[in-house]
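A.B. asks: The structure follows.
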Amino acid sequence: MKRGRMGSGKKRKELAINIETVLRKLMAGHLTVEQARRELATLDVKRIADLAKLDVGRARRIGTPEAVLAEGKSPKTVVKVVRSLVERNGYALVTRVGKDHLRALRATSKNLEFDYNPRAKTVVVKRREHIFPRVGVIGVLAAGTADVPVAEEAAVAARVMGCEVIKVYDVGIAGIHRLFEPLKLMIKRGVSAIVVVAGMEGTLPSVVSSLVDVPVVGVPTSIGYGVGVKGLGALVTMLQTCSPKLAVVNIDNGFGAGIFAASIARQASSRSEHPC
């Protein structure tokens, strides 16, 4: 145990020295501001004991946050990673949260805001003074109620990115008349992208993409019978779409879809505020 603590202290010392070196080079004129920014970005990955490497500068570098996938990790590991992210970034997003993770996170978040979404199985832990930016609007559609957990994960991820999210569920093609009013609402509200979550044969994203003039992100889910093979049928259908502006993420990847759609919305908002 002592050896581990000494190693961690050495790494923190080395990190501080490296940052100071970059700053001294910048002040001496040996680096431009952009070169210094890049040098510092390479130092943003820091080790937490031997458990994980956190890319704490990801949100600044590429505009998307680092999320903690709790699935497959011990509650102790998840708590340590979350604490470090909250300390550095002001918040942490945790996905695929189990009961043991939830219990451990609640116990260590007494002085923090704690937002648990039971359908998405996500937790957002943040300092009370931390405010997410407000930029962009996206839509999230779910074909059936069984697809809602994945749709909720997408919505949570987009909100952490700062997007307003318009959600409408149970609008699958079995009753396609239910789809048109929600789409009209989303277009009127100026959504920049729409996430469409569907299992079974996965047709809904292609239908939506053929009706709107904004990018659509299809999310196949592992809902379905027999030859659907836990979402593979829906995935293949979406990949074989004849609608050219439909992008497709992996099976049940609500997080990826929400981040992708929110990135589109943020870029669209940035261009409207700062036109060429």
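Residues are numbered in the numbering used here as their position in the sequence shown, beginning at 1, plus a constant of 38. Note that beta-carbon positions come from the ideal geometry of N, C-alpha and C, so glycine has one too. Here the structure is a predicted model, which is why all the values come from computation and not from measurement.
1) Let's see if you can read the secondary structure: which residues bound the beta strand (DSSP E) around LEU131?
2) Along the chain, where does the beta strand (DSSP E) containing ALA184 start, and where does it finish?
3) Three-state secondary structure (DSSP) at ILE261?
4) Out of VAL274, ILE261, GLN305, which one is the CA nearest neighbour of THR183?
5) Let me check understanding here. Comparing Cα to Cα, which of VAL254, LEU284, ILE289, ALA285 lies closest to LEU270?
6) In terms of residues, what are the limits of the beta strand (DSSP E) holding VAL163?
7) Helix or strand or just coil, what does DSSP make of PHE298?
8) Buried or exposed, going by whether 16 or more other CB atoms sit within 10 Å of the CB of ILE232?
9) According to DSSP, what are the bridge partners of ASP153?
10) Do VAL120 and VAL135 have their C-beta atoms closer together than 8 Å?
11) Out of VAL245, ARG62, PRO220, which one is the CA nearest neighbour of MET276?
12) Check the C-beta distance from VAL124 over to ALA158 and give it rounded, since I have them as a contact under 8 Å.
13) Expressed to the nearest angstrom, what Euclidean distance is found between the alpha-carbon atoms of GLY128 and ILE176?
14) Just confirm the distance between the C-beta atoms of GLY200 and GLY174, as a whole number of angstroms; I'd bet it's less than 8 Å.
15) What residue from ALA180, ARG144, ARG172, PRO156 has the CA that sits closest to LYS164's CA?
C.D. replies: So, from the listed chains and residues:
1) The residue labelled residue 131 in the question sits at position 93 within the sequence shown. Taken as a continuous stretch (DSSP letters only), the beta strand (DSSP E) holding LEU131 covers 129–133.
2) Position 146 of the sequence shown, counting from 1, holds the residue named residue 184. It is not in any beta strand (DSSP E) - ALA184 carries neither H nor E in the DSSP assignment.
3) Here the question's residue 261 lines up with position 223 in the sequence shown. Here ILE261 sits in coil by DSSP.
4) In the sequence shown, counting from the first residue as 1, residue 183 sits at position 145. Checked all of VAL274, ILE261, GLN305; the closest Cα to THR183 is ILE261.
5) On the sequence shown, residue 270 is found 232 positions in, with the first residue counted as 1. Cα-wise, what sits closest to LEU270 is ILE289.
6) Taking the first residue of the sequence shown as 1, we reach residue 163 at position 125. Taken as a continuous stretch (DSSP letters only), the beta strand (DSSP E) holding VAL163 covers 160–164.
7) Here residue 298 refers to the residue found at position 260 when the sequence shown is read from its first residue. Reduced to three states, the DSSP call for PHE298 is helix.
8) Translated into the one-based positions of the sequence shown, residue 232 becomes position 194. Around the C-beta of ILE232, 16 or more other C-beta atoms lie within 10 Å, and the residue is accordingly described as buried.
9) Within the sequence shown, the letter at position 115 stands for residue 153. Paired residue(s): VAL162.
10) Position 82 of the sequence shown holds residue 120. Position 97 of the sequence shown holds residue 135. Cβ distance not < 8 Å, so VAL120 and VAL135 don't count as in contact.
11) Here residue 276 refers to the residue found at position 238 when the sequence shown is read from its first residue. Ranking the options by Cα distance to MET276, first place goes to VAL245.
12) Mapped onto the sequence shown, residue 124 falls at position 86. Mapped onto the sequence shown, residue 158 falls at position 120. Incorrect: roughly 19 Å between the Cβ atoms, too far for contact.
13) To locate residue 128, count along the sequence shown from 1; it is residue 90. To locate residue 176, count along the sequence shown from 1; it is residue 138. Cα-Cα distance, rounded: 24 Å.
14) Mapped onto the sequence shown, residue 200 falls at position 162. Mapped onto the sequence shown, residue 174 falls at position 136. With a Cβ gap of about 7 Å, GLY200 and GLY174 count as contacting.
15) Sequence index remark: in the sequence shown, residue 164 carries index 126 (1-based). For the residues ALA180, ARG144, ARG172, PRO156, the minimum Cα distance to LYS164 belongs to ARG144.
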